[in-house]
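Protein chains in written order, with the numbering used here: chain A, 4 to 114; chain B, 186 to 573. Here the structure comes first, spelled out in structure tokens, and everything after it is commentary.
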């Protein structure tokens, strides 16, 4: 598995047909494909990724693209994606809560 | 060994049990089923409570401000603290505090000032860096990380795997080979600041535990002052071995706590659940599962308490600790598995804690030395020098 989420970005409309009720993680991006939000569908999510992505799009009108990964390790993968984003950009995605609120560690990935 | 609990033990256990049921369980209803952290405000509030109970920092020696509770009672408390969804890997979500890295109690005064006291005050976190990609079951021989002396410093190159908490730590204990000996002699323990150039947390290792992850570390020309050697040069494996042995008792206790909780839930459920016109509890197949659970729990508990009692008396408890770890992790897995079977579909859904316990309990037969290594340790203790 790639450390970074490297799947192809899909338009919101394309994604709506493909998303299912799985556990997993997802990223939303703006029109320039800058990641604006990283989220997850966990054990309490209604309709899994489909439900969480739909709810996140409602909250984030600027969201134009989405990509996701189905995984049962959704919490550790979610934190990993946030830490990677922080490593790459020096900050969290603009629509995620501040780092301190979710007690992130620090990654320094190879490559 | 006296099998009767003292009045004081009964009182402490009742207090912790009440804490788990009244403070921890209600918060879990709102958390993700795989969560291992409380909201910061809840955690701070509950830490104040455990401090008021006189039970904060249970494993800290009294000389360093701990509450001076004997190991048997601490084991009984650990059994209680695990009786909730996150109980195996996050008992009471850390609200009883920890001892940090207990090896630091033997550190030099300077090392204590820099690492131990800030850890006890909650200002710093440490990690324990022993296992490597080359193997964790036989760490003395598997360690390939090397440290080479250069003036007053040591330069460390290598890596570690399966390390918990390194991404959030300010320092860690890193075991490295400092002599040509390929076995136990020639391993040294270094205290390493995670801000040291050359230190990197390369990735998260995703496992059956969704929240409480491990990490992989790399060290590239990481320069550590000689004053950061913990204990003696080339004698570091004794530090690791001591930690591994002591850790087996609370590790076993956590499994027993979860097994007790699972059994309690099953005992409540089977008289209510009807199939073919009769409650599950009337079925002999179900009764036998409950009986086998009870036997598994009792055996594990007594073996673990015996290990704790021997350790408390200052006797060699290596065999008993290995037996406790072996028996409790395997019994815990069987108990949770049987309870899932009794709950049927509900047992495998995330609505109930069994599926999380089932996944996490599977790790317990591998973590901190797999069952096979525990048997090896027991055999070595039984056969002594006649074992080749």
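Yeah, the Cβ is synthetic: ideal placement off N, Cα and C, and Gly gets one too. As the structure is a prediction and not an experimental result, all values here were calculated from the model.
Residue i in three-state terms, based on DSSP
i: residue 356/B; result: strand
i: residue 194/B; result: helix
i: residue 450/B; result: helix
i: residue 147/B; result: Since the first and last residues shown for chain B are 186 and 573, residue 147/B lies out of range.
i: residue 10/A; result: coil
i: residue 279/B; result: helix
i: residue 504/B; result: helix
i: residue 465/B; result: helix
i: residue 460/B; result: strand
i: residue 361/B; result: strand
i: residue 415/B; result: strand
i: residue 420/B; result: strand
i: residue 455/B; result: coil
i: residue 256/B; result: helix
i: residue 268/B; result: coil
i: residue 483/B; result: helix
Buried versus exposed, by CB contacts within 10 Å (16 or more), residue i
i: residue 412/B; result: exposed
i: residue 55/A; result: buried
i: residue 461/B; result: exposed
i: residue 221/B; result: buried
i: residue 282/B; result: buried
i: residue 523/B; result: buried
i: residue 53/A; result: buried
i: residue 191/B; result: exposed
i: residue 545/B; result: buried
i: residue 473/B; result: exposed
i: residue 10/A; result: exposed
i: residue 367/B; result: exposed
DSSP beta-bridge partners of residue i
i: residue 378/B; result: 356/B
i: residue 131/B; result: With chain B running from 186 to 573 in the structure shown, residue 131/B is simply not present.
i: residue 499/B; result: BP columns for residue 499/B are empty, so no partner.
i: residue 400/B; result: 348/B and 389/B
i: residue 27/A; result: 44/A and 73/A
i: residue 410/B; result: 338/B
i: residue 384/B; result: 404/B
i: residue 372/B; result: 362/B and 420/B
Taking beta-carbon pairs under 8 Å, can you tell me which members of the stretch 73-94 of chain A lie near chain B? 74, 75, 76, 77, 78, 79, 80, 82, 83 and 86
Taking a Cβ distance cut-off of 8 Å, strictly less, list which residues of the stretch 30-58 of chain A are near chain B, in chain order. 45, 46 and 47
Considering only residues of the stretch 294-326 of chain B, which uninterrupted alpha helix (DSSP H) runs meet the minimum length of 4 residues and lie entirely inside it, listed in chain order? 302-305
Against chain A, which members of the stretch 209-222 of chain B pass a CB distance test of less than 9 Å? 215, 216, 217, 218, 219, 220, 221 and 222
Positions along the stretch 429-453 of chain B whose CB lies within less than 7 Å of some CB in chain A: none
My parser needs the beta strand (DSSP E) runs of 3 or more residues fully inside the stretch 32-101 of chain A; what are they? 38-44 and 68-73
Mind listing, in chain order, the continuous alpha helix (DSSP H) runs of no fewer than 4 residues lying wholly within the stretch 208-249 of chain B? 210-213 and 225-237
Using a Cβ cut-off of 9 Å, which residues of the stretch 332-358 of chain B contact any Cβ in chain A, in chain order? 350, 351, 352, 353 and 354
Along the stretch 294-321 of chain B, where does the CB come closer than 9 Å to a CB of chain A? Name the residues. none
Counting only Cβ-Cβ distances shorter than 9 Å, please list the residues of the stretch 12-24 of chain A near chain B, keeping chain order. none
Of all the residues that make up the stretch 359-391 of chain B, which are near chain A by a beta-carbon distance shorter than 7 Å? 385, 386, 387, 388, 389 and 391
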